[in-house]
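Just below is one structure, and these are the notes that go with it.
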Amino acid sequence: TQFTLNSPAEGIYFFSPAEVLSDAASVGMAVNSPVPEVEPVYTNFSSFIQDEWKAAPRLSVSMGLRWDINPAPVSGRGASPYTLTETRDLTTAMLAPQGTSLWKTDWHGIAPRLGIAYQVNRSSARESVLRAGLGIFYDMGSVLGSAGYNGIGFSTRKVYNGVSYPMTLAQVTLPTPSALPPYSNTVYAFDPNLTLPYSGQYNVSFEQRFTSTQSLTIGYVGSVGRKLLSEFLYSPSQIGNTNFT
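Numbering (our numbering), first residue to last: 3 to 247.
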């Protein structure tokens, strides 16, 4: 069980009733987060073409192609969030200059779609239709692009172990947010070659008409995700990076 007590500048986390009774919290955190005037701007472009035709008397085909482009966000007003110079080797990574693009634009978000409908039985009274479809569907890879507005340069954070509630004035009094070492908050970095996550979706159904007002449809729908977004948390000192403390 986790018990949380918060004030505007602190949070204390008790992980057991015993910690509450002894007033010895496992974790205490103080945050100094002035509200800066920032305006993240997201630019998303999508285009789509589709065509349908009667391939045979009983067969109808539908094909489409979609193109999605979701570049990294930029700041329309105020400071830009920070990232790292690299994410492949975190033991040598350093803070990148402010304004560095969070990731390169992925131009490969091309998603084909295909659908077919086949009349197994063309009788108007007992018509049977088999339908199937599959396609690629891209998601917005930029949804986490604003996380850096809570990191270095925008807020100061300090974590304590074994603290009591309320925390002392000295513990909750933190310096003004800064991007100069020693660093006082998290860096939210992204893979420079970040690609859009996508899912492959497919379906098949069979429709049987019994009367002019009654029919039965049995269907199956499936999907599989690929290149899904993942978030990892590292402590620089534990991976041998002396650029951060």
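Virtual Cβ for every residue (Gly too), placed ideally from N, Cα, C.
Going by other Cβ atoms of all chains shown within 10 Å of its Cβ, with 16 needed for buried, is Tyr222 buried or exposed?
-> With fewer than 16 other Cβ atoms within 10 Å, it is exposed.
Subject >> Distance, Pro114 Cα to Ile220 Cα >> reply: Approximately 25 Å between the Cα atoms of the pair.
Reduced DSSP secondary structure (H/G/I, E/B, other) of Pro238 | Three-state DSSP puts Pro238 in a helix.
Tell me the start and end of each unbroken beta strand (DSSP E) in the stretch 73-106 that is at least 3 residues and wholly inside, in chain order.
As for any beta strand (DSSP E) of minimum length 3 sitting wholly inside the stretch 73-106, the runs are 76-79, ordered along the chain.
Exercise for the section: Below 6 Å CB to CB, which residues in the same chain sit around Thr6 once its five sequence neighbours on both sides are set aside? Expected result: No answer about Thr6 holds up, because its pLDDT of 43 lies below 50 and its placement is not dependable.
Which value, in whole angstroms, describes the spacing of the CA atoms of Gln210 and Ser62?
-> Taking the straight line joining both Cα atoms gives about 17 Å.
**Study point:** Same chain, Cβ closer than 8 Å to Pro177, neighbours up to 5 away in sequence not counted
**Key:** Here the set comprises Asn34, Thr158 and Ser186.
task: Give the straight-line distance between the Cα atoms of Ser64 and Leu136, rounded to the nearest whole angstrom.
output: Rounded to whole angstroms, Ser64 to Leu136 spans 11 Å at the Cα level.
### CB-CB length for Met96 against Asn245, believed under 8 Å
With 8 Å as the limit, Met96 and Asn245 qualify as a contact, their Cβ atoms being about 5 Å apart.
Let's test the definition: count the other Cβ atoms within 10 Å of the Cβ of Ile154 and tell me whether it reaches 16, buried, or not, exposed. Flag for Ile154 reads buried.
Starting from the C-beta of Met31, find all residues in its chain whose C-beta is less than 6 Å away, skip the five residues before and the five after it, and write them out in chain order.
For Met31, where only same-chain residues beyond five positions count, the Cβ hits under 6 Å are Gly13 and Val161.
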